[in-house]
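Residues in the sequence shown are numbered consecutively from 51, following my numbering. By construction, the Cβ of each residue, glycine as well, lies at the ideal position given by its N, Cα and C atoms. What follows is a set of notes on a single structure, which appears directly below.
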Amino acid sequence: MYAKASDILEMAQKDEALRVQLAQSGELVRYDYHPLLEKCHLENAQKLQHILNVHGFPTLQNSDPQVVEACWLVIQHAISQPAFMKACLSQMQQLPDTIFPRKYQAYLSDRIAFYQRRPQRYGTQFDYDDNGHMAIWQLEDPLQVDAWRQSVGLPPLSDVYERLKTYVPISKEAASAHQKQMLDWLVRTGWYQVEDTQTSSFFAH
51 MYAKASDILE MAQKDEALRV QLAQSGELVR YDYHPLLEKC HLENAQKLQH ILNVHGFPTL
111 QNSDPQVVEA CWLVIQHAIS QPAFMKACLS QMQQLPDTIF PRKYQAYLSD RIAFYQRRPQ
171 RYGTQFDYDD NGHMAIWQLE DPLQVDAWRQ SVGLPPLSDV YERLKTYVPI SKEAASAHQK
231 QMLDWLVRTG WYQVEDTQTS SFFAH
């Protein structure tokens, strides 16, 4: 069995516990990305990177599904570490889907595309649009997206649109401020170049 399974599960549990704590206290909504959450994600990414370098990825062959999911979750949340996320995606893509579910690659590749301000393939990423409504980030091919989603075990995109209806809209002013903070953060973390910020806001409707 995978030697560091308990360590990876502990990292994911720590992440979720902190998120719940911040949400219940009302602190989570005060920031686009809460500093304590970012600190947790950075620490988890550093630990996981060392584990993966030594032991490789946990898979359905050498570990439990919960450990594989926890590993993906830590990577998915390591959003201040572009190089780490990209390297992990590259390694995931070399694993057979029989031992590492392709849906995790789908979520991670979409998230990388979102933070690079590129169209996404599977429609897993969304954010507030210019009008303050939660919207799906631009799609690589709207006509093909459901076939791509089905190929990795995800439900139709219509399910995502239904989920988005549960989000409370924000004002246009708040949406504008959010997008500015997002761009500043993307530049600071190396996801995005300053000269690219002219074409950063585009959503699927």
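Span of the beta strand (DSSP E) holding PHE134? No beta strand (DSSP E) holds PHE134; the alpha helix (DSSP H) holding it covers 132-142.
Are there three or more Cβ pairs, one per stretch, closer than 8 Å when the segment 124-136 is compared with the segment 179-188? no
Do you know how far the Cα of LEU193 is from the Cα of ARG171? 11 Å
Go to ASP196, then tell me how far its alpha helix (DSSP H) extends in each direction, as first and last residue. 195-201
Inside the segment 158-222 only - alpha helix (DSSP H) runs reaching at least 4 residues: 195-201 and 207-214
Give a yes or no on whether the C-beta atoms belonging to ILE186 and PHE176 are separated by under 8 Å. yes
Are the segment 224-244 and the segment 197-205 touching, with three or more C-beta to C-beta distances below 8 Å? no
Which residue marks the beginning of the alpha helix (DSSP H) containing ASN94, and which one marks its end? 85-105
Cβ-Cβ separation, ILE149 to TYR178 (assumed contact under 8 Å), whole Å: Not really, about 37 Å apart at Cβ, beyond 8 Å.
Rounded separation between TYR81 and GLU190 - CA only: 29 Å
GLU66: CB within 7 Å of a non-hydrogen atom of the ligand ADP: You won't find the ligand ADP in this model; it holds no ligand whatsoever.
With burial defined as no fewer than 16 other Cβ atoms inside 10 Å of the residue's Cβ, what is the status of THR174: buried or exposed? buried
Assuming MET61 is part of the alpha helix (DSSP H), what are its boundary residues? 55-75
Out of curiosity, what's the CA-to-CA distance linking GLN71 and ARG168? 33 Å
Within 10 angstroms of its Cβ, does GLN155 collect 16 or more other Cβ (buried), or is it exposed? buried
In chain order, what residues of the same chain have a beta carbon less than 7 Å from the beta carbon of HIS228, not counting five sequence neighbours either side? ASP82 and TYR178
For VAL79, count neighbouring C-beta atoms within 10 Å of its own C-beta (all shown protein chains included) and say buried if the count is 16 or more, exposed if not. exposed
Would you say ALA62 and ALA120 are within 8 Å of each other, going by their C-beta atoms? yes
Examine the Cβ distances between the segment 209-216 and the segment 100-114 and report whether three or more of them are shorter than 8 Å. no
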